[in-house]
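Student: Protein chains in written order, with my numbering: chain A, 1 to 519; chain B, 520 to 880. Beta carbons are placed, not taken as given, at the ideal position from N, Cα and C, and that holds for glycine. Please read all numbers here as calculations on a predicted model, not as lab measurements.
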Ligand code: HEM
């Protein structure tokens, strides 16, 4: 009974240790993934029904959709069977490596031994040269030539001569295993990220501070009152959870649980958006860069100030803030920020409300902001209109008066500072409508990402070892043959034999050279 | 003078070289071969100059520093770079193996890739980079991916040649496979040529590809044209299948042993695979991580690179199974390149994804 059971386990083990099984898994993962790229993942049902209709016609699409949906293809990379495939794949790599490793380790550790004379005839690489003189005289030339091609040899005495033997790169046999192990660690890193990390999104208006963000919709009904009280306490304690729980007279664990149920992740500190700005390419609506100036406040103190851009995030205590998007806040009470520079060069920055008056320094010219457009353009008749909802081309319309009398008026653009040059030589620059935009931040904490980076590095190292380095073994026998000396050379390389052959060729010409030189 | 002059010269050189290489294949006259090589090298130099000039032009326009101005930001530039890598790889093979006959197989790929740019009428303009593309990781990612793709392209040609000279009977699966593959390639090229001729005149070029690829044939409004297209497809594949032995005798004239073909196939994959792993998958993941905060999101482009990776892993491992040398692994090498093409072009042309990179504008 027990023996039969063992053979069953053995059989499973053998399957998992085989390269054939790996090939089956490779094919299954590839083929199913193809379907996942044709169907849109986690999309609205109509989109995929549309795709299926285009591919298979109207009559088949709905039933096909139902079947595929039941099989999990609409979110297939998270389906149980795809995850099973990944687990089988990992088991395959692990077991396959465990099964082979002892033999490989033995091969690596095995010290070199001299080769029996008859085996020189059958070695994969074999060469023979005949040199004038006795082995004793030639020995040194041979030894130094072996050293010259980078082999550290051992020596043994033969009947009527000597044998040198050496190996290099025996540890390169482990390159493949480093690669395989790294793949497992990449998967482990991904799992750690899923288990202990979080990801979310936060729209943070200019000038506002956040202590938490939403990572998922709330599970169950929200207790608004309670939640607001909790968030207020969190804000009052600058995001510090234990302080907030003291304020609320609530256990910290309970507080965290309530937040999690509501799909809210506290940051543990707070973050403020000081300013946000989009820069455009000249004469174009292509954004060149968007930038947020952020401040991290921990324990009530400002600890980090950094501007972030796409491709240049901010990290604090394992949480990373990525510049993801931006937008306008409807009806935001923003401040117009103007820089007023008088003809004489003295300048000041003013923050103004809509309709508020300002005076250019050292002059009696007075301005009033009358109109604003986030994206100003003019139609064919020369009438102004707003062509986009975002701040693509913000401009303010300003009325200027001198000593109470109307003087002139016009649009001043943020993107074109020259538009604010007044006839008298004063300059009015429109710097910003501060408080009108929010920055869209992607927030992530992923403690597994470093494992993934390290494992990716070691996987690459492993691959380069596996493909570009080899385990080479060399035997050279120097023996007397009818008054002359015969040099027998044998070589084995586990890959890239031609390269080793070239190396041996170089050694042979060195031997010949040095032998003649020594004469 | 600007870069387009040199691009034009190199395209012309590759097309002339293609004709001479094919002539060489037919007559095996040594001096013809030397002319072919010389013209290829001249084309390569001209293309190198063109790429450097475009780099400088882009740098002057964008003002974003030298590294970020590498001319690798859209499909047009990436195809140019792919061809450059392919020709470089080919020249290395030619000098190492002292064999010119592959030239007749590689230069057409280069010529057609360059022709593809015109056929599809894709934009050749220098576009300013959107913020997500302003990353040094992107440069490393794209450069290395294309070096790997070029290595895979070489393994594709040698794998296919291996299959052609090692199959005898027309009902053999391996024979049917390569005849089908070549037939499909021919059909794709012909139908793109027809698209070009029908629509280049009528339609604004920038609208061309997303909307009009295969509209003159497989996706035409008229059902009759669609049916004719499919019938022609089947006939072309049939012709390749029926007269494939002619191709075989031509290649056999060259005394390229199947062992060498197998070796070149393996070596190009052995070079391409680690470069693809590091540049394509890992650097791509780092870039996504920096830009969006997700190193892997299963979008179609990422998934197709993973599929490509798995197919080449399949190739490497299948060589270890007893009885799997030779034809079967050559088939896998050929299939791998299909995955490369889908990753490179298909995802942008046929599937849509997160990736803004490589969109045809
Ligand atoms: C996609 C994942 C994998 C990658 C990237 C990978 C990579 C590699 C590479 C590069 C080699 C060396 C090939 C050569 O020298 O031509 C190799 C060898 C090998 N792989 Fe994998 N491998 C993967 C998965 C697996 C799996 C699942 C198995 C399970 C059976 C496996 C078993 C082996 C074996 C037995 C060898 C030969 C080892 C030796 O020569 O001592 N590999 N692998």
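8 angstroms is my cut-off, CB to CB: does residue 663 of chain B come that close to chain A?
Tutor: By this cut-off, residue 663 of chain B is not an interface position.
Student: If the cut-off is 8 angstroms on Cβ atoms, which residues from the stretch 31-51 of chain A count as contacting chain B, listed in chain order?
Tutor: The residues in question are 33, 34, 36, 37, 38, 41.
Student: Using a threshold of 7 angstroms, is the CB atom of residue 250 of chain A nearer than that to any non-hydrogen atom of the ligand HEM?
Tutor: Not so, every heavy atom of the ligand HEM lies at least 7 angstroms from the Cβ.
Student: Less than 8 angstroms between the CB atoms is what I'm expecting for residue 754 of chain B and residue 737 of chain B, so what's the real figure, rounded?
Tutor: About 15 angstroms; that fails the 8 angstroms criterion.
Student: Mind checking who residue 512 of chain A pairs with in its DSSP beta bridge?
Tutor: DSSP lists no partner for residue 512 of chain A.
Student: What are the boundary residues of the alpha helix (DSSP H) that residue 539 of chain B is part of?
Tutor: That run of the alpha helix (DSSP H) goes 522-546.
Student: Return the chain-ordered ranges of every alpha helix (DSSP H) run that is complete within the stretch 789-816 of chain B and spans a minimum of 4 residues.
Tutor: Listed in chain order, they are 803-811.
Student: Cβ of residue 725 of chain B less than 8 angstroms from any chain A Cβ?
Tutor: Residue placement at residue 725 of chain B cannot be trusted, given a pLDDT of 49 that sits under 50; what the coordinates show is reported in the next sentence. By this cut-off, residue 725 of chain B is not an interface position.
Student: Taking only the alpha-carbon atoms, compute the straight-line gap between residue 651 of chain B and residue 820 of chain B and give it to the nearest angstrom.
Tutor: Each residue's alpha carbon lies about 16 angstroms from the other.
Student: Is it true that the stretch 839-857 of chain B meets the stretch 42-49 of chain A, where meeting means three or more beta-carbon pairs spaced less than 8 angstroms apart?
Tutor: No, because fewer than three Cβ pairs between the stretch 839-857 of chain B and the stretch 42-49 of chain A fall closer than 8 angstroms, the two stretches do not touch.
Student: Just the Cα atoms here: how many angstroms apart are residue 238 of chain A and residue 645 of chain B?
Tutor: One C-alpha to the other measures close to 47 angstroms.
Student: Could you pull out every residue in the same chain whose Cβ sits closer than 7 angstroms to the Cβ of residue 752 of chain B, ignoring the five residues on either side in sequence?
Tutor: Cβ neighbours of residue 752 of chain B beyond the five flanking positions: 706.
Student: Starting from the Cα of residue 283 of chain A, find the closest Cα among A:258, A:415, A:224, A:251 and give me that residue.
Tutor: Selected option, being the one with the closest Cα: A:415.
Student: Assuming contact is defined by CB atoms lying nearer than 8 angstroms, are residue 478 of chain A and residue 189 of chain A in contact in what I supplied?
Tutor: Taking 8 angstroms as the Cβ cut-off, residue 478 of chain A and residue 189 of chain A do not qualify as a contacting pair.
Student: Decide if residue 346 of chain A is buried, meaning its Cβ has at least 16 other Cβ atoms within 10 Å, or exposed.
Tutor: By the 10 Å Cβ count, residue 346 of chain A comes out exposed.
Student: Helix, strand or coil for residue 434 of chain A, going by three-state DSSP, please let me know.
Tutor: Of the three classes helix, strand and coil, the one that applies to residue 434 of chain A here is strand, per DSSP.
Student: Tell me the rounded alpha-carbon separation between residue 609 of chain B and residue 593 of chain B.
Tutor: The straight-line gap from Cα to Cα measures roughly 24 angstroms.
Student: For residue 477 of chain A, which of helix, strand or coil comes out of DSSP?
Tutor: Residue state, collapsed to three classes: strand.
Student: Which residues in the same chain as residue 218 of chain A place their Cβ atom closer than 6 angstroms to its Cβ, once the five residues preceding and following it in sequence are excluded?
Tutor: Once the five neighbours on either side are set aside, the close Cβ partners of residue 218 of chain A are 262, 263.
Student: Under 8 angstroms between beta-carbons, which chain A residues line up against residue 817 of chain B? List them in chain order, please.
Tutor: Per Cβ cutoff of 8 angstroms: 36, 41, 77.
Student: Can you have a look at residue 446 of chain A and say buried or exposed, based on whether 16 or more other CB atoms are within 10 angstroms of its CB?
Tutor: That one is buried.
Student: So what does residue 8 of chain A bridge to, in DSSP terms?
Tutor: In the DSSP output, where bridge partners are listed per residue, residue 8 of chain A has none listed.
Student: Please state whether the Cβ-Cβ distance between residue 526 of chain B and residue 599 of chain B is less than 8 angstroms.
Tutor: For residue 526 of chain B and residue 599 of chain B, yes; Cβs fall inside 8 angstroms.
Student: Return helix, strand or coil for residue 197 of chain A, following the three-state DSSP convention.
Tutor: Residue state, collapsed to three classes: coil.
Student: Using the beta-carbon count (16 or more within 10 Å), is residue 741 of chain B buried or exposed?
Tutor: Exposed, since its Cβ has fewer than 16 Cβ neighbours within 10 Å.
Student: Run through chain C and tell me which residues come within less than 7 angstroms of residue 287 of chain A, C-beta to C-beta.
Tutor: Absence of chain C from the displayed structure is noted, the protein chains being A and B.
Student: At the level of alpha carbons, what is the spacing between residue 450 of chain A and residue 318 of chain A?
Tutor: For residue 450 of chain A and residue 318 of chain A, the distance between alpha carbons rounds to 11 angstroms.
Student: Please name the residue in A:333, A:177, A:141 whose C-alpha comes closest to that of residue 101 of chain A.
Tutor: When each option's Cα is compared against that of residue 101 of chain A, the closest is A:177.
Student: Any idea if residue 850 of chain B is buried or exposed, counting beta-carbon neighbours within 10 angstroms, 16 or more meaning buried?
Tutor: Buried.
Student: Counting only runs of 3+ residues fully inside the stretch 118-161 of chain A, write out the beta strand (DSSP E) ranges in chain order.
Tutor: If we require 3 residues or more, the beta strand (DSSP E) runs fully inside the stretch 118-161 of chain A come out as 125-131, 154-158.
Student: For residue 836 of chain B, which three-state DSSP category applies?
Tutor: DSSP places residue 836 of chain B in helix when its eight states are reduced to three.
Student: What does a CB cutoff of less than 7 angstroms around residue 504 of chain A pick up in its chain, not counting 5 residues either side in sequence?
Tutor: Once the five neighbours on either side are set aside, the close Cβ partners of residue 504 of chain A are 125, 127, 489, 491.
Student: So, helix, strand or coil for residue 277 of chain A, using DSSP?
Tutor: Three-state result, residue 277 of chain A: strand.
Student: With a threshold of 7 angstroms, establish whether the CB of residue 176 of chain A neighbours any heavy atom of the ligand HEM.
Tutor: Yes - the ligand HEM has a heavy atom lying nearer than 7 angstroms to the Cβ of residue 176 of chain A.
Student: Quick check on the DSSP output: the beta strand (DSSP E) that includes residue 373 of chain A runs from which residue to which?
Tutor: Element bounds for residue 373 of chain A: 365-373.
Student: Take the Cβ of residue 359 of chain A as the centre, count every other Cβ of all protein chains shown within 10 Å, and call the residue buried at 16 or more, exposed below.
Tutor: It is exposed - the Cβ of residue 359 of chain A has fewer than 16 other Cβ atoms within 10 Å.
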